[in-house]
Amino acid sequence: DKYDTSEIIMFLQQAIMHKGFYDDDLEFVQLEHIQIVASIAPSSTLGRHRISSRFTAIVRICSISYPTNEELQEVYDQMVAAAVTTPNFQNVADKAASLSPK
Numbered sequence: 002d003k004y005d006t007s008e009i010i011m012f013l014q015q016a017i018m019h020k021g022f023y024d025d026d027l028e029f030v031q032l033e034h035i036q037i038v039a040s041i042a043p044s045s046t047l048g049r050h051r052i053s054s055r056f057t058a059i060v061r062i063c064s065i066s067y068p069t070n071e072e073l074q075e076v077y078d079q080m081v082a083a084a085v086t087t088p089n090f091q092n093v094a095d096k097a098a099s100l101s102p103k
């Protein structure tokens, strides 16, 4: 539309503010005990829309930057160690730890 409205954002705004939405038969569907978790790309990327200030005023936003290579290496090291640290795989965990660059 002329205001560059994003339908999904307006739906989420209605669901949060009014605790529900209207279905195709114009019956109100009430929502209780919901939590919405989303990930978005910057509005400058292709096919994205700006998020309205009306919406951002009613939600909590957490912005996390991309991890560095060292941070990713640490995450994957921990995941692999946890996956293979059982009595049957202890030798594999020790081998994996010795192979990962520090």
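Sequential numbering of the sequence shown, starting at 2, is according to the numbering used here.
By construction, the Cβ of each residue, glycine as well, lies at the ideal position given by its N, Cα and C atoms.
Note that this is a predicted model, so its numbers are computed, not measured.
Is the Cβ-Cβ distance between residue i and residue j less than 8 Å?
{"i": "residue 37", "j": "residue 13", "result": "yes"}
{"i": "residue 44", "j": "residue 51", "result": "yes"}
{"i": "residue 53", "j": "residue 9", "result": "no"}
Under DSSP, the alpha helix (DSSP H) around residue i begins and ends at which residues?
{"i": "residue 81", "result": "70-85"}
{"i": "residue 13", "result": "8-19"}
{"i": "residue 55", "result": "54-57"}
What are the start and end residues of the beta strand (DSSP E) that includes residue i?
{"i": "residue 31", "result": "29-31"}
Closer than 6 Å by C-beta to residue i: which residues in its own chain qualify, once you throw out the five before and the five after it? Chain order, please.
{"i": "residue 30", "result": "21, 22, 24"}
{"i": "residue 40", "result": "none"}
Starting from the C-beta of residue i, find all residues in its chain whose C-beta is less than 8 Å away, skip the five residues before and the five after it, and write them out in chain order.
{"i": "residue 83", "result": "none"}
Going along the chain, which residues of its own chain have a beta-carbon closer than 7 Å to the beta-carbon of residue i, five neighbours each way excluded?
{"i": "residue 42", "result": "49"}
Within the chosen definition, does the segment 59-68 reach the segment 14-25 through at least 3 CB pairs nearer than 8 Å? The segment 59-68 and the segment 14-25 touch, with no fewer than 3 CB-CB distances between them shorter than 8 Å.
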